[in-house]
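Take the position in the sequence shown, starting the count at 1, then add 4; the result is the number in the numbering used here.
Virtual Cβ for every residue (Gly too), placed ideally from N, Cα, C.
One structure below.
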Amino acid sequence: MKHQDIFSKLWADYTKLNPSVQKVYDLFTNLGETVENDHIAFRTFNDKRVNIDKLAKVFINAGYEEKANYYFEEKHLVAKHYEHKTEKFLPRVFISELILEKFSNYLKEVAIKTIDSIPVELLNGDELIFSGSSWSVPSFKIYEKLKSESEYAGWLYVMGFRANHFTVNVNALKQINTMEKVNSFLKNNGYKINAVGGEIKGSPSELLEQSSIMSEIIKVKFEEGEKEFPGCFYEFAKRYPDKNGTLFSGFIANSANKIFESTNFKK
Ligand code: NI
């Protein structure tokens, strides 16, 4: 699959599921800004059939390569980021996976059963990253049980494989060109910023600043009926050059750790 097709397909699913994301995009472009993507992110389990390497395949085939690894001790996650070998304008791809061995037998069994019911052609093909929750209608009761151990596991069980977030490259914005300006622009337009650990994660000295709006609350069909649920969110990132003048291209685990909480569901 060509990279253009991968990203337009992911964007189409993301904006259809979370209409507010398209509205945020339009707010920026209506000001004459060009919205470029810094990175897009995916979530998965560390089961071989669906793990990071498996989800990365479609990107590797489109010319991406692995760049770095990350570890999130408290959330029991590992992650890798990928960049395109030659087309530097293309977004980075950040894929994390939940380390199932760190959780209860209940959570492990639900994860394995869920993966068992993914159609084989999806597991063997290139379309897994677009397939959402192909396993069946989720149960809200199971979601709540998973969430009591891992919010990430609960979200993944309900939402499945899709872009968890796209990220606006703030370096490419002309007027709203600082994180402070981005956040106040979003707040003035009625969006809620993820405030875990402060609204801006990271700092110029860490060479990366990030912020995000909380996931849009969407309607999801559960076994128990339709319910409100946190969908996907939109992130914003500004990168700084190192001492040699090279723009930092990686991720800061401590910041990403807090960005994960943008799908938290508080009622
Ligand atoms: Ni991100």
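- For Asn248, the secondary structure class from DSSP, reduced to helix, strand or coil, is coil.
- Scanning its chain for C-beta atoms nearer than 6 Å, with the 5 sequence neighbours on each side dropped, one finds around Ser259 the residues Lys205, Gly206 and Gln214, in chain order.
- According to the DSSP assignment, Asn261 belongs to the alpha helix (DSSP H) that extends over Ala257 to Ile263.
- Relative to the ligand NI, the nearest heavy atom lies less than 8 Å away from the CB of Ala241.
- Sequence-distant Cβ neighbours of Val172 in its own chain, meaning closer than 6 Å and more than five residues away, are Val39 and Phe240.
- The Cβ atoms of Val114 and Tyr161 sit closer than 9 Å to each other.
- At least one heavy atom of the ligand NI falls within 8 Å of the beta-carbon of Ala45.
- By the 16-neighbour rule on beta-carbons within 10 angstroms, Gly158 is buried.
- In the three-state DSSP reduction, Ile56 falls in the helix class (H, G or I).
- Pairwise C-beta distances place the segment 221–233 in contact with the segment 137–145, as three or more of them are shorter than 8 Å.
- Burial check for Phe93: the Cβ neighbour count within 10 Å stays below 16, so the residue is exposed.
- Rounded to whole angstroms, Gly201 and Val224 show a C-alpha spacing of 29 Å.
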